[in-house]
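Structure, as structure tokens:
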Amino acid sequence: MGYIFDFNDTNAYKAWCNKAGQIHDFKLQTALMMKMLSPLPDRSVLDIGCGDGRCFAPLGDHGLQVTGVDPSPYMLDLAMDQVKGRVELHRGFAEDLPFEDNTFNYSILMNSLEFMDRPAKAIEEACRVTRDKIFIGVFNRYAPLNILRRAKGLFCNHTLSHARFFGIWELKKIIHAIMGPVPVSWNTTLLFPFSRSRPVAYLEKCAVIQKSPWGTIVGMTIIPIPRFRTRPLSLRIHSRRTCGPVTGFARERTPEKHEDTFI
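Numbers 1 to 263, taken from full-length UniProt numbering, label the letters of the sequence shown in order.
Written as structure tokens, this is what we have:
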């Protein structure tokens, strides 16, 4: 189930996200998400752990049919204020999604996997309900800024105190353990989180920079291709005789001799 934001957590998270620096960082995160997801318009997408619905706008602006799910009623209240009926919202848990198999074309987990007790189960559920592609955005365990955040969490309570940070290879290992050798790709952003100048923002969007394993945010996509292992199936068939042999028709016949008559 994981950590569920209560009323105080929700207000603290809202205040943290509304800081000028976080708004800048979130724009880079969503830009990376849309670049890696590359969704086609008029398709469906599920935002797993949608929180206050900050990802709804970029997804909806791309022409996607957005559905959000989150376990916190307080977060869903914030999300409802933003979408005003344009997004379908559900209260539920990522480890047990209330949807049928292959319901959505795409699904995303943006900074929500960090707060789940069973991240592998959440990824498995995302693969179950998604047909085309899954995007996962997480805080990079080995990024300098996140190392400072983790150290700060040891001494004082803050927004990310309950978060679990992931490394790139750790996340890939979890995915391949669930889905096998499916196509997985990754990029990072916020390699320079302490500077938000225009030249730095330009550098953050460069493909070479986004391949650095030290970015603050890791973006990873999964193409959930089903894998089946087949092997020959041997069956034992027992035959039994249902009746005895038929007699009288298998006698040996000798050819008849005919005399030829000539006139």
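The beta-carbon is built from N, C-alpha and C at its ideal position, and this holds for glycine as well.
Next on the checklist: Quick check on Y202: buried or exposed, where buried means 16 or more other Cβ atoms within 10 Å of its Cβ?
Outcome noted: Position 202 of the sequence shown, counting from 1, holds the residue named residue 202. With fewer than 16 neighbouring CB atoms inside 10 Å of its own CB, Y202 falls in the exposed class.
Next on the checklist: Under DSSP, the alpha helix (DSSP H) around L145 begins and ends at which residues?
Outcome noted: Residue mapping note: residue 145 aligns to position 145 of the sequence shown, counting from 1. Run containing L145: P144 to G153, per the alpha helix (DSSP H) assignment.
Next on the checklist: How far does the alpha helix (DSSP H) with R128 in it extend, from its first residue to its last?
Outcome noted: As a working mapping, residue 128 is identified with position 128 in the sequence shown. In the DSSP assignment, R128 falls within the alpha helix (DSSP H) that extends over P119 to V129.
Next on the checklist: Quick check on the DSSP output: what are the complete beta strand (DSSP E) runs of length 3 or more inside the stretch 157-238, in order along the chain?
Outcome noted: With a minimum length of 3 residues, the continuous beta strand (DSSP E) runs that stay inside the stretch 157-238 are 184-189 and 217-222.
Checklist entry - Among all the DSSP beta bridges, which residues are the ones paired with T67? => result Mapped onto the sequence shown, residue 67 falls at position 67. For T67, which the question treats as bridged, DSSP gives the partners L46 and E88.
Checklist entry - Excluding five sequence neighbours on each side, which residues of the same chain lie with their C-beta closer than 8 Å to the C-beta of A120? => result Reading the sequence shown from its first residue, position 120 is the one you call residue 120. Taken in chain order, the residues that qualify are I174, A177 and I178.
Checklist entry - With which residues is L109 paired in a DSSP beta bridge? => result In the sequence shown, the residue the question calls residue 109 occupies position 109. Partner(s): I136.
Next on the checklist: My assumption, with CB atoms under 8 Å, is that I134 sits in contact with P183. Please give the rounded CB distance.
Outcome noted: Here residue 134 corresponds to residue number 134 of the sequence shown, with the count starting at 1. Here residue 183 corresponds to residue number 183 of the sequence shown, with the count starting at 1. Incorrect: roughly 11 Å between the Cβ atoms, too far for contact.
Checklist entry - Rounded C-beta distance between G219 and M116? I'm assuming under 8 Å. => result Mapped onto the sequence shown, residue 219 falls at position 219. Mapped onto the sequence shown, residue 116 falls at position 116. With a Cβ gap of about 18 Å, G219 and M116 do not count as contacting.
Checklist entry - Using a Cβ-Cβ cut-off of 6 Å (strictly less than) and excluding sequence neighbours within five positions of residue 269, which residues of its own chain qualify? => result Here the chain covers residues 1 to 263 and nothing more, so residue 269 does not appear.
Checklist entry - Where do the ends of the alpha helix (DSSP H) carrying A94 lie? => result For this step, residue 94 is matched to residue 94 along the sequence shown. Counting along the chain, A94 sits inside no alpha helix (DSSP H), nor does DSSP assign it H or E at all.
Item to check | Simplified DSSP state of F99, which is helix, strand or coil | outcome: Your numbering for residue 99 matches position 99 in the sequence shown. DSSP places F99 in coil when its eight states are reduced to three.
Next on the checklist: Here's the rule: buried if 16 or more other CB atoms are within 10 angstroms of the residue's CB, otherwise exposed. What is D47?
Outcome noted: Mapped onto the sequence shown, residue 47 falls at position 47. By the 10 Å Cβ count, D47 comes out buried.
Checklist entry - How many angstroms separate the CA atom of V87 from the CA atom of F56? => result As a working note, residue 87 is residue 87 in the sequence shown. As a working note, residue 56 is residue 56 in the sequence shown. Taking the straight line joining both Cα atoms gives about 8 Å.
Item to check | Residue environment, I51, which counts as buried when at least 16 other CB atoms sit within 10 Å | outcome: Walking along the sequence shown from the start, residue 51 turns up at place 51. First, the residue type needs correcting, since residue 51 is Gly and not Ile in the sequence shown. Result: buried.
Checklist entry - From W214 to M36, what does the alpha carbon distance come to, in whole angstroms? => result Position 214 of the sequence shown, counting from 1, holds the residue named residue 214. Position 36 of the sequence shown, counting from 1, holds the residue named residue 36. Approximately 18 Å, taken between the alpha carbons.
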